[in-house]
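Each remark here refers to the structure printed beneath this line.
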Amino acid sequence: MRRTFSLCCAAATATAASSSQTQPQPQPQPQPQEEQQQRAASSAAVERALYRRLLKAGEDGAALQRCLTVHPLPQCLQYGLRLLRYHKALAEIQAAAAPLHPLRVVRRARLGLRRRYYAWQLFTLRLQLRSWNAISDLLVYLLFLSVCALLYCIYRACRVGVDRAQERYRTMAIPILQTFEAMEESQERRRMLQKEMEDDILRNR
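Residues -19 to -1, 1 to 186 in mature numbering (1 follows the signal peptide of the UniProt record, and there is no 0) are what the sequence shown spells out, letter by letter.
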């Protein structure tokens, strides 16, 4: 009996140990705030690198800052990559056309057509970005003008209300003023009558 009991205990401990070893341990999950910070930092680094490459390619820095800041970060990166791709294609075409012999007319014509295509794509993309920038500036100006007009309307409404309140108070104050004037006149008459009575008394004496 003791031997069977000891065997049962040993088997139970072995199964418990094996089950504890086979159970997967929970892994620490990354926090969402840290992930967002890492993504923002990586996106900012990519944007700075792309901005430097576009400046080296010949883009204007002020125009890039004005045109790309009206869009969210993913669209800015997308437009920047398109600009960089067009610049790279134009540079490759120029490098391929430089060593060509003047008699290779067909090859030069093909490269010229490709150059014009990428130059047109670059022009249309720049025009699109500047159009979006102009539209955003126009919307900002319209918002400013609408806010100014709304404030002026509020001022006019308040001014009309104040003028009406003043007129109402003036009309309400007319009888009160008349009452005060009548009281002052009555007091003045009393004084005059009292003075006349005193003069009569002095004369009688």
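Even for Gly, the Cβ is constructed at its ideal location relative to N, Cα and C.
task = Identify, in the order they occur along the chain, each residue of the same chain with its Cβ nearer than 6 angstroms to the Cβ of P9, setting aside the five sequence neighbours on each side.
result = With a pLDDT of 47 at P9, under the threshold of 50, the modelled position of that residue is not reliable, and the figure given next carries that caveat. There are no such residues.
task = Please report how far the alpha carbon of A115 lies from the alpha carbon of L36, in whole angstroms.
result = 22 angstroms
key: Supposed close pair E16, L54 - CB separation, criterion 8 angstroms   = Wrong, their Cβ atoms sit about 16 angstroms apart, outside the cutoff.
inquiry  = Would you call the region 74 to 87 in contact with the region 141 to 150, where contact means no fewer than 3 C-beta pairs closer than 8 angstroms?
reply    = no
Own chain, CB closer than 6 angstroms to Y99, minus 5 neighbours either side, in chain order = Y67, A70 and L71
query = What residue ranges within the region 20 to 105 form continuous beta strand (DSSP E) runs of no fewer than 3 residues, ordered along the chain?
reply = The region 20 to 105 is shown to contain no whole beta strand (DSSP E) run of 3 or more residues.
inquiry  = For Y136, count the other beta carbons within 10 Å of its own beta carbon; 16 or more makes it buried, fewer makes it exposed. Which is it?
reply    = exposed
query = Apart from the five residues on each side of it in sequence, which residues of its chain come closer than 8 angstroms, Cβ to Cβ, to L103?
reply = L64, Y67, H68 and L71
ask   = Can you tell which of R107, C129 and Q175 has the C-alpha that lies nearest to the C-alpha of G42?
value = R107
message = What does the Cβ neighbour count give for C139, buried or exposed, with the cut at 16 atoms within 10 Å?
response = Exposed, since its Cβ has fewer than 16 Cβ neighbours within 10 Å.
ask   = Do R88 and L94 have their C-beta atoms within less than 7 angstroms of each other?
value = no
request  = Using three-state DSSP, classify Y150 as helix, strand or coil.
outcome  = helix
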